[in-house]
Amino acid sequence: MNTIEINHCSFSLGSKNIINNLTCSIKRGSRCLLVGGNGAGKTTLLRLLAGKHICKGITVFGRDVYHDTTLNFSRTFLHQNWGLRTVSFAGQNIPYVADIMVKDMMKDLQNEYLERRNELIELLDINLEWRMHLLSDGQRRRVQIFLGLLRPVELILLDEITNVLDILCREKLMTWLFNESIKHKTTIIQSTHIFDGLDDWYTDVICLRCNNTLSSLEYFGPKQSRTIYAQVKDWLVLDNVKESSDDFNKPNVLTQSTNSAGGFAPGRFYNYW
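Per the numbering used here, the sequence shown runs over residues 367 to 639.
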């Protein structure tokens, strides 16, 4: 059985069509690169696979990607917004500043998978005495990866999580993920714009197009004979039909009330109650 089945999936946010008529199947144990231009829908697709939005046409391990919450024990989603929050009247992407040591985070899970914990700590060069409010962006990302990979899973979703890692850490992480997919048949989908060292890493590639009038899918298939950098560059050059400037000049029509009370009012799901 394939890990993921996507069958004519479409998804919109408001009036914006993000994913359109997307169809593909991803085999178990695949290491799949998710590529495309800015705004092509890569993060949205990963969020759909992670069960963050209600959608039709996607199953993971034969189960509904959103409504079957047992999938959360079989998949993990690592993204760039971990450890960040929106603070009312202050702004977005504000780091959490809790004075907590790494060894005190998810302690039960660390104790349950002690051998795996020690392996990841050595791999990511993490000091268990680190305090979260004193860490750099790169160190914070290492802690995120450590906690996200602590529980063994069958599906790993990565949304540009290596962009702030140093070269050595990134290389060791990609090698570890490669071995994880071989040893445990773990399926890995990684969205990235950094292709150094990935030519011998991936098995499949999904390219999404920005101009998705007919379909969001530019290409889906096995590893290419060319370097992934050159191939993705060619795909992006072909995908040169941009949205008309009129679309960007249209007035911003809000689809919900603006009485957000500075961020303290009910969220978007309140509209469906």
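Each residue gets a CB set at the ideal place from its N, CA and C atoms; glycine is no exception.
Member of the options whose CA lies at the smallest distance from the CA of residue i
i: residue 578; options: 369, 374 and 368; result: 374
i: residue 534; options: 447, 520, 382 and 508; result: 508
i: residue 542; options: 485, 530 and 581; result: 485
i: residue 515; options: 415, 546 and 398; result: 546
i: residue 572; options: 500, 432 and 557; result: 557
i: residue 553; options: 580, 415, 403 and 408; result: 415
i: residue 397; options: 476, 566 and 505; result: 566
i: residue 540; options: 489, 389 and 386; result: 489
i: residue 532; options: 562, 429 and 603; result: 562
i: residue 605; options: 555, 482 and 404; result: 404
i: residue 368; options: 593, 429, 594 and 482; result: 429
i: residue 386; options: 580, 525 and 551; result: 580
i: residue 525; options: 388, 395, 376 and 413; result: 413
i: residue 551; options: 574, 470, 596 and 395; result: 395
i: residue 538; options: 555, 559, 512 and 517; result: 512
i: residue 482; options: 517, 602, 544 and 536; result: 517
i: residue 390; options: 559, 576 and 570; result: 570
i: residue 559; options: 435, 470, 549 and 602; result: 602
Buried versus exposed call for residue i [16 or more other C-beta atoms within 10 Å across all chains shown]
i: residue 497; result: exposed
i: residue 406; result: buried
i: residue 401; result: buried
i: residue 464; result: exposed
i: residue 587; result: exposed
i: residue 591; result: exposed
i: residue 426; result: buried
i: residue 568; result: buried
i: residue 582; result: buried
i: residue 399; result: buried
i: residue 420; result: exposed
i: residue 431; result: buried
i: residue 527; result: buried
i: residue 475; result: exposed
i: residue 466; result: exposed
i: residue 598; result: buried
i: residue 379; result: exposed
i: residue 611; result: With a pLDDT of 41 at residue 611, under the threshold of 50, the modelled position of that residue is not reliable, and no figure is offered here.
i: residue 600; result: exposed
i: residue 382; result: exposed
i: residue 641; result: Since the first residue of the chain shown is 367 and the last is 639, residue 641 is not available in this structure.
i: residue 584; result: buried
i: residue 555; result: buried
i: residue 480; result: exposed
i: residue 548; result: exposed
Assumed close pair residue i, residue j - CB separation to whole angstroms, cut-off 8 Å
i: residue 384; j: residue 410; result: 5 Å
i: residue 372; j: residue 417; result: So it is not a contact: roughly 14 Å between Cβ atoms.
i: residue 500; j: residue 468; result: That pair is no contact at about 11 Å.
i: residue 444; j: residue 505; result: Not really, about 15 Å apart at Cβ, beyond 8 Å.
i: residue 530; j: residue 491; result: The Cβ separation is near 14 Å, so there is no contact.
i: residue 408; j: residue 564; result: So it is not a contact: roughly 15 Å between Cβ atoms.
Contact test: residue i Cβ vs the ligand NAP heavy atom, cutoff 7 Å
i: residue 511; result: This structure does not include the ligand NAP; it has no bound ligands of any sort.
Enumerated in chain order, which unbroken segments of the alpha helix (DSSP H) with a length of 4 residues or greater are wholly contained in the stretch 384–466? If only uninterrupted alpha helix (DSSP H) runs of at least 4 residues are considered, those enclosed by the stretch 384–466 are 408–415.
Count Cβ pairs between the stretch 437–448 and the stretch 512–527 that sit closer than 8 Å; are there 3 or more? Counting Cβ pairs under 8 Å, three or more are found: they touch.
Any beta strand (DSSP E) of 3 or more consecutive residues that is wholly inside the stretch 498–552: Within the stretch 498–552, the beta strand (DSSP E) runs of at least 3 residues that lie entirely inside it are, in chain order, 521–525.
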